[in-house]
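Scroll down for the structure; my scribbles are underneath it.
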Amino acid sequence: MRKMLFLATTILAAALYSASANAEQKEVTVWSWFVQSTMEKSIAAFEKAHPDIKVKYTYYNYSPEYITALKAAAASGSLPDVIGLQPGSLTQQYRENLEAVNERAAKEWGDKWAEKVFPVNRKQMLMGNPKGDENYYIIPQESQVLCIWYNRKIFEKLNLSVPKTYADLKAAAKALTDNGYIPMFQGAADGWQNENVFLMLANQFSAGIVDKAQAGETPWTAPELVAAMKAWKGLFDDGIFQQGALGAHAYPTGAQLFAQGKVGMMALGSWWMQESKFPPPLSEFVQNMDGFDFFYLPPVKDGNSASPPVGGIDIGYGLTKNGGKNPEAWTFLAELTNGVGLQEALNDLNDLPAFEGNSPKGDITDHVKEMSARFMADLPKAENQRFASPAVAEALDNALAGVAAGSTEPEAALAAVQAASEKALAAK
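Mapped onto mature numbering (1 follows the signal peptide of the UniProt record, and there is no 0), the consecutive letters of the sequence shown carry residue numbers -23 to -1, 1 to 405.
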């Protein structure tokens, strides 16, 4: 009887302790489009280091689900504590809903913490801020470099070489199409992928010209940008992109087809390496990235150079006004961007680090290490990928869609972007 009483008392005490612990455990809410399997690893590492904090993560596809969810939550004042962001237009769209993180970051990492962020990322962190506003509303987690990925096993099978000229690119696209493959998959229903390709083209004609146009130093109707817009239309007319590209999405459709070996090329970025770390089964092409390598878009005009590296922040996170009332929210954001959470993301090859001094650990093949090293060598000299104004980004998206569809001429399309840019600059 005494043993039974002791056992019952022990069980009751354990239950009360567990209930008390759960009652004391704080919660942090997070929304993002960040890969769920990798985020779960980051959260597990964080919760192990901070057992008194529970993280609740909600995953969305970026477009349109995430964008739609953010708009609705911001309108109703129900944003979570931490939100995934891209610099520039997306951050600026929600700036009034975000806390400036300068003081928190300095307390966490020291007064010179921003100097440890790669230069292109540091520049993007302030993109679109009102004049005189030196606050940071986004902490970058990872960087990226844009490129053209290709299936090297398919190229070898068809005796194709990496394109060095536009004629080479057209020939490769034709050979791929003739042999039943999608040449270069373009999710032209997605503004972000269209922007990325246009930036590759524009920087061929004049490096940094899009930044100058954003700043009002060069008109969007400049001859170089008109030439880039015409080259964009040429990618559709010349059969570089697949038939039906205007209604296609890069994710999940394009990425799945590319991973399955049905696509020869695709304009993505350094984040594609993460596919090799996804849960099995993996295709022969994705396994250890054996089927893939990358190149930069060859010059579309004779005499031009290939596209320079373009990139910057892949994903960052912001602390919402709601999160500012929750001390544990910053603790998680800091670990996710430059701590135990970041390390898990890098180990999964989710993308390149945003802070210097970080690198992936674990089982990584020599092929992946070599590609990662090439990306890291190019990151410090990358041209800016992001747009400061949401209105300018939207105008460019509309221009690219209209020109691709043949409903708008390049000059008229860029004139509309110029009008949006002038309005945005006047409002600053």
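Ideal Cβ placement from N, Cα and C applies to all residues, glycine included.
Which same chain residues, not among the five before or five after Gln395, have their C-beta less than 6 Å away from its C-beta? Pro196, Trp197 and Thr198
Name the residue from Gly61, Glu194 and Ile186 whose alpha carbon lies nearest to the alpha carbon of Leu75. Gly61
First and last residue of the uninterrupted beta strand (DSSP E) at Tyr143: Element bounds for Tyr143: not the beta strand (DSSP E) but the alpha helix (DSSP H), Tyr143 to Asp155.
Distance check for Gln2 and Ala(-5), CA to CA, integer angstroms please. Legend: pLDDT at Ala(-5) = 41, less than 50; position of this residue unreliable, no value from coordinates given.
Give me the Cα-Cα distance between Tyr39 and Lys147, rounded to the nearest whole angstrom. 31 Å
Quick check: the region 150 to 162 against the region 284 to 300, are there 3 or more CB pairs under 8 Å? no
Ignore the nearest five residues each way along the sequence and tell me which others in Pro107's own chain have a CB closer than 7 Å to its CB. Lys405
Could you give the DSSP three-state label for Val7: helix, strand or coil? strand
For the putative contact between Pro387 and Lys254, defined by C-beta atoms under 8 Å, what is the C-beta separation to the nearest angstrom? Actually they are not in contact, since the Cβ atoms of Pro387 and Lys254 sit about 40 Å apart, beyond 8 Å.
Which one of Leu223, Tyr127 and Val12 has the shortest CA to CA distance from Gly383? Leu223
Sorted by chain position, which residues of the same chain lie with C-beta nearer than 6 Å to Ala397's C-beta, five sequence neighbours on each side aside? Ala368, Val369 and Ala372
Endpoints, the beta strand (DSSP E) within which Leu296 is located: Val287 to Leu296
What number of angstroms, rounded off, separates the C-alpha of Val263 from the C-alpha of Trp248? 13 Å
Can you say whether Ala(-3) is buried or exposed, counting buried as having 16 or more other CB atoms within 10 angstroms of its CB? Residue placement at Ala(-3) is flagged as unreliable, the pLDDT there being 43, under the threshold of 50; a coordinate-derived value is accordingly withheld.
Tell me the rounded alpha-carbon separation between Thr385 and Leu377. 9 Å
So what does DSSP say about Ser282, is it helix, strand or coil? coil
Rounded C-alpha distance that separates Phe23 from Gly318: 6 Å
Beta bridge counterpart(s) of Thr385 as assigned by DSSP: Thr385 pairs with nothing; no bridge assigned.
Check whether Gly246 and Gly268 have beta carbons under 8 Å apart: no
Does the beta-carbon of Glu172 have 16 or more other beta-carbons within 10 angstroms, so that it is buried, or is it exposed? buried
What residue range is occupied by the uninterrupted beta strand (DSSP E) comprising Pro117? Ile116 to Asn128
Contact defined as beta carbons within less than 8 Å: I believe Val32 pairs with Ile20. What is the distance between those atoms, to the nearest angstrom? 5 Å
By DSSP, does Glu73 sit in helix, in strand, or in coil? helix
Here's the rule I'm using: 16 or more other beta-carbon atoms within 10 Å means buried, otherwise exposed. How should Leu(-17) be labelled? Since pLDDT at Leu(-17) reaches only 39, below the 50 mark, its modelled position is unreliable, and the value read off the structure follows with that caveat. Under this definition Leu(-17) is an exposed residue.
Looking only at its chain, what residues have a beta carbon closer than 8 Å to the beta carbon of Pro256, apart from the 5 residues adjacent to it on each side? Ser14
Per-residue DSSP class, three states only, for Phe95: coil
Considering only their Cβ atoms, is the gap separating Met242 from Ile125 smaller than 8 Å? yes
With DSSP as the reference, please indicate the residues paired to Asp270 in a beta bridge. Tyr127
Residue from Asn112, Asp188, Leu137 and Leu135 whose Cα sits closest to the Cα of Ala365: Asp188
Using only CA atoms, which one of Pro57, Leu135 and Leu356 lies nearest to Thr154? Leu135
Who are the Cβ neighbours of Val277 in its own chain at under 6 Å, not counting the five residues just before and after it? Tyr143 and Ala208
Helix, strand or coil for Ala244? Go by DSSP, reduced to three states. strand
DSSP state of Val59, grouped into three classes? strand
Kindly indicate which residue of Val59, Tyr34 and Ser9 has the alpha-carbon position closest to the one of Gly300. Val59
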